[in-house]
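Number 270 in my numbering belongs to position 267 of the first sequence; there are no gaps in the numbering. Below is one structure, written out as structure tokens; comments come after it.
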Amino acid sequence: MNYNFNDIEAKWQKYWAENQTFKASNNSSKPKYYVLDMFPYPSGAGLHVGHPLGYIASDIYARYKRLKGFNVLHPQGYDSFGLPAEQYAIQTGQHPAITTETNIKTYRKQLDQIGFSFDWSREVRTSDPNYYKWTQWIFIQLFESYYCNNDNKAKDIKELIAVFSLEGNANVNVACDDDIELFSAEQWKAKQPEEQQKILLKYRLTYLAKTEVNWCPVLGTVLANDEIVNGVSERGGHPVVRKKMTQWSMRISAYAERLLQGLEILDWTDSLKETQRNWIGKSVGASVSFNINNHDEKIVVFTTRPDTIFGVSFMTLAPEHDLVKKITTPDQKVAIEAYIEKTAKRSERERMADVKTISGVFTGAYAEHPFTKAPIPIWIGDYVLAGYGTGAVMSVPCGDQRDYAFANHFNIPISNIFEGVDISEEAYTDKEKTIIANSDFLNGMNYKKATKRVIYELEQLGQGQGKTNYRLRDAVFSRQRYWGEPFPVYYVNGMPRMIDREHLPVQLPEVEKYLPTEEGEPPLGRAEKWAWCTESNAVVSNDKIDNETIFPLELNTMPGWAGSSWYFFRYMEETNREGVFAGEEALKYWENVDLYIGGAEHATGHLLYSRFWVKLLKDRGFVNIEEPFKKLINQGMILGTSAIIYRISGTNEYVSKGLKEDYDEVEEIRVDVNMVNASDEIAIEKLKNWQPQYENAKFILEEGKYIVGREVEKMSKRWFNVVNPDLICEQYGADSLRLYEMFLGPLEQYKPWNTAGITGVHSFLKKLWKLYVSKDGVNVNNDEPTKDNLKTLHKTIKKVEEDIENFSFNTSVSTFMIAVNELTAQKCTSKSILEPLLVLMSPYAPHITEELYHQLGNSESISIAKFPVFDASHLVESSKNYPISFNGKMRFTIELPMDMSKDAIEKEVLAHEKTKAQLEGRIPKKVIVVPGKIVNIVG
RNA sequence: GCUCAAGUGGCGGAAUUGGUAGACGCGCUGGAUUCAAAAUCCAGUUCUUUCGAGAGUGUGGGUUCGAUUCCCACCUUGAGUACCA
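If you want it as structure tokens, here you go:
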């Protein structure tokens, strides 16, 4: 009987599907474990060998946890809203739903043949109306919530309305827009409902606001920052302008501190946590308001160095700052306007790239120092960003290098307020060593003391207080696209209202074209009579509209991250998927994701938004967890190894790699990597058939072979280095693919794929098969295991268990190879060794182990077996070779019993003949004995 | 510029309380088998070498009897971030 992997794999994949072997139960006496992959976007290109890496790793862990007696939830689904399907629709007119369905089928087929232990009964698709119904529902929860800073949680907006009617808004401590006007209870009650709604929008956790976006008039759409290259659109090179549009935003900034604190308890890598910390960008300091001479307005600045306030020699405003136009004096007006125009023209990218050029203009106005009352000139400069802090800074040249450079450039005097420090060349920025001088009541204080004191003094004056600032910006939530979740929103007199819960979902309407309308409305603007009728209060679809008053629906759709911010809850619900987003019992049972595996590209997007939504759902009482993902692993990318041939310039002749130096000019051309063998030799006949230009080409060989050059780069069609897992499964089997992907290198590392190497793990599987099965059938009996057999088994158990717990799957593949080699050499036929070995390997190579497990006479799936128990007694050694070193140099080894005392070892070693010969009669100065490890003789 | 991660044979990579560097696999060399090839099996494979040995984990120092491992400085590569006041 040969190892016929194709048949074996098909057989067991069918068996698992039919028997629902991996269906998780919400009702189990076992402890739960939730293993989740970042679900894929089903693209038209299908999977290449790089994609399943993380899925294989999570599958190994899920199968391992099952063997360890856990009730494992290991689901999979599709992030099926997205741009490529929409773009395909624009080009071909095919509905994105159809494209998506086709792609999902391909994905499913590809995933199935790798033998994953997914519970497909819980599949989710973000584009399924039954799913996005709940995405819309969560949006409504955000709309109905405000964030209370006192209790540090989101609450029902009704509570806030109650407060407004009782005492106005003067004393509320909540997250809101900065342009809030104060009102009393009486004033609130006197306002029109529309006016009240407008105010409430400034408090809601999702709100409408005018935001600057990148608008491309030619394409008629908004572009993301990474879709713009050098100020023009990436597709087509059309000009892009900054435009203010009314958009939905998410008040994620309200959660900045909790998102930061929450990181502490998570089992994530430090670098990932650090990335999130940087993104949140907390800085502690003070806000200070400066009076402006001859004006009523004040300039408010944020500073992390309030202790340097006596060193302020000018103020700088961002050119976009609201006050600039008001305070500019007539004689500076021309210069200021010219400067503002100049900076507005420069794209953000340009401004970022060019950090060295110093530019700015004096406004002619002066502010007043809060303590000295001295006049401070007010400048504008583009090194101050409108989007951070208040868009204004107090400039302290002696304590900040940018202020120093600015002052130097414009000959603004620089005063020194630090004791014993030379600032003639550069600013002094070391706040730990700072001793303040020339600063009135702050003299002689260090940074900490001075900061505390100056904030106290500012508070006395009513001109400032301590403040913490975050870099985290609210997230724009509107997209002018078709293929996304519609908002559950309609407008009455321009104010948004939520559609009743019982009318959800608001389904995507049919449109003729997937482009924006001629008037510049999003694609949904093309849907005829797509409207909500309030009076009949039951109609959403267009065909039922009668003559009642109709109100327009929101035409934007939600961004890609909406559906992926809560999908992990959806998998938990197994029965009532129509009635709830996830049932209370299910949420309580599964809690959070224990292990989450996915790409590092989601470090700040998806992972931050998910954490934000989970916190909101917790605050509003829908879930009982604070963080969705306990442990997180970023798998590294698998890169392609491109194959390069060398064409002699101007000819149709191709020279082998080793001979290319003989020619003056050769061009590198990438060819299909699947035509190249393990020794970098290309199959010329295949190449000739590959593309017509090679049919009659001449090939200059070395030693009868054409050798290609190699380049490691991202797997991509354009480099012809894509390797398809279907072909690998066909040729070597899914178990070989799984083992090889793990064997390539550490999970989290970037590593190149090279199909040639797969023969190693493939022949290992053949060896494994041979260990169990000979020509005549199964070769395993109830023999007593030998000591060596037991030693091999138990060291394998120990190593594999450690490896899986540490996610070093690559080294356990080696461990299996060694074990099989040893047992083959020992001619082991003992069932008590060979059966547990199968169980150990089953997470890695599920098909072959399942087959052999059944051949050994088991009728149940190997996935419900027990992970073998490690018994250390089989590994205890009675003696060990001690390395003996002389002055640190290793000379020889002596075999000694393991349980000897330090003194006994020393005595034994010194009495040994080899030692005596080495010492030649001299007496050693010192003998260092490390029990179990080494003896070093010095002298 | 800043932050983080990493540098080990021809290649992917092993080696953690500091103790015989190069496990395992690919590739390569030789052999067996074969008409031949594939497949399979066996032996060898860090470099240098006068065959005794010597050098060796990015570079230079340090701690130590002993360093891939710990410390300092530097170089290189990759990732993230970018005037954050």
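Beta carbons are placed, not taken as given, at the ideal position from N, Cα and C, and that holds for glycine. Here the structure is a predicted model, which is why all the values come from computation and not from measurement.
Who are the near neighbours of residue i in its chain, counting only those whose CB is closer than 6 Å to its CB and skipping five residues on each side?
{"i": "Gly-487", "result": "Phe-84, Thr-560, Met-561"}
{"i": "Gln-23", "result": "none"}
{"i": "Glu-656", "result": "Lys-701"}
{"i": "Ala-541", "result": "The pLDDT assigned to Ala-541 is 45, lower than 50, so where the model puts this residue is not dependable, and the model offers no usable value."}
{"i": "Ser-286", "result": "Thr-307, Asn-472"}
{"i": "Asp-546", "result": "Any reading at Asp-546 needs caution, since the residue's pLDDT is 46, under 50, leaving its predicted position unreliable; the model's value is listed next. Excluding sequence neighbours, Asp-546 sits near nothing in its chain."}
{"i": "Ala-212", "result": "Ser-252"}
{"i": "Tyr-570", "result": "Val-127"}
Between the beta-carbon of residue i and the beta-carbon of residue j, is there less than 7 Å?
{"i": "Phe-305", "j": "Asn-176", "result": "no"}
{"i": "Thr-644", "j": "Val-715", "result": "yes"}
{"i": "Met-844", "j": "Phe-767", "result": "no"}
{"i": "Phe-367", "j": "Thr-332", "result": "The sequence shown places Gly at residue 367, rather than the Phe named in the question. Cβ atoms of Gly-367 and Thr-332: closer than 7 Å."}
{"i": "Tyr-485", "j": "Pro-512", "result": "no"}
{"i": "Asn-3", "j": "Ser-817", "result": "Here the chain covers residues 4 to 942 and nothing more, so residue 3 does not appear."}
{"i": "Glu-557", "j": "Val-495", "result": "no"}
{"i": "Tyr-258", "j": "Lys-618", "result": "yes"}
{"i": "Val-674", "j": "Ile-651", "result": "no"}
{"i": "Ser-290", "j": "Lys-301", "result": "no"}
{"i": "Gly-314", "j": "Val-399", "result": "yes"}
{"i": "Glu-751", "j": "Ile-59", "result": "no"}
In this structure, does DSSP put residue i in helix, strand or coil?
{"i": "Trp-15", "result": "helix"}
{"i": "Tyr-135", "result": "helix"}
{"i": "Gln-79", "result": "coil"}
{"i": "Tyr-44", "result": "coil"}
{"i": "Val-244", "result": "strand"}
{"i": "Tyr-206", "result": "coil"}
{"i": "Glu-538", "result": "Its pLDDT being 47, under 50, Glu-538 is placed unreliably in this model, and the value from its coordinates should be taken loosely. Three-state DSSP puts Glu-538 in coil, outside helix and strand."}
{"i": "Ile-628", "result": "coil"}
{"i": "Pro-871", "result": "coil"}
{"i": "Tyr-753", "result": "coil"}
{"i": "Ile-851", "result": "helix"}
Using the rule of at least 16 other Cβ atoms within 10 Å of the residue's Cβ for burial, across every protein chain shown, is residue i buried or exposed?
{"i": "Gly-72", "result": "exposed"}
{"i": "Pro-309", "result": "buried"}
{"i": "Ser-544", "result": "Model confidence at Ser-544 stands at a pLDDT of 48, short of 50, so the residue's coordinates are unreliable and nothing is read from them."}
{"i": "Gln-16", "result": "buried"}
{"i": "Gly-523", "result": "exposed"}
{"i": "Tyr-459", "result": "exposed"}
{"i": "Lys-660", "result": "buried"}
{"i": "Gln-638", "result": "buried"}
{"i": "Pro-846", "result": "buried"}
{"i": "Phe-444", "result": "exposed"}
{"i": "Tyr-18", "result": "exposed"}
{"i": "Val-216", "result": "buried"}
{"i": "Gln-250", "result": "buried"}
{"i": "Thr-95", "result": "exposed"}
{"i": "Ser-539", "result": "At Ser-539 the pLDDT is 44, less than 50, meaning the model places this residue with poor confidence; the figure from the coordinates comes in the next sentence. Per the 10 Å Cβ criterion, exposed."}
Below 8 Å CB to CB, which residues in the same chain sit around residue i once its five sequence neighbours on both sides are set aside?
{"i": "Leu-388", "result": "Ala-321, Gly-394"}
{"i": "Arg-504", "result": "Trp-140, Ile-143"}
Could you please give the first and the last residue of the uninterrupted beta strand (DSSP E) stretch that includes residue i?
{"i": "Lys-455", "result": "First-last for Lys-455: 450-464, but that is the alpha helix (DSSP H), not the beta strand (DSSP E)."}
{"i": "Val-495", "result": "492-495"}
{"i": "Arg-500", "result": "498-501"}
{"i": "Leu-388", "result": "From DSSP, Leu-388 is part of no beta strand (DSSP E); its letter is neither H nor E."}
{"i": "Thr-3", "result": "With the chain running from 4 to 942 in the structure shown, residue 3 is simply not present."}
{"i": "Ser-442", "result": "No beta strand (DSSP E) contains Ser-442, which DSSP labels as neither H nor E."}
Locate the alpha helix (DSSP H) running through residue i, then write down its first and last residues.
{"i": "Arg-405", "result": "404-412"}
{"i": "Pro-378", "result": "Note, Pro-378: premise wrong, no alpha helix (DSSP H); beta strand (DSSP E) at 378-383."}
{"i": "Ala-321", "result": "That residue, Ala-321, is in no alpha helix (DSSP H); it is neither H nor E in DSSP."}
{"i": "Gly-763", "result": "761-775"}
{"i": "Tyr-649", "result": "Here Tyr-649 belongs to no alpha helix (DSSP H); instead the beta strand (DSSP E) covers 641-651."}
{"i": "Pro-87", "result": "86-95"}
Once you ignore the five residues that flank residue i on each side, which residues in its own chain have a CB closer than 7 Å to its CB?
{"i": "Ala-585", "result": "Phe-572, Arg-573, Met-575, Glu-576"}
{"i": "Thr-520", "result": "Gly-528, Arg-529"}
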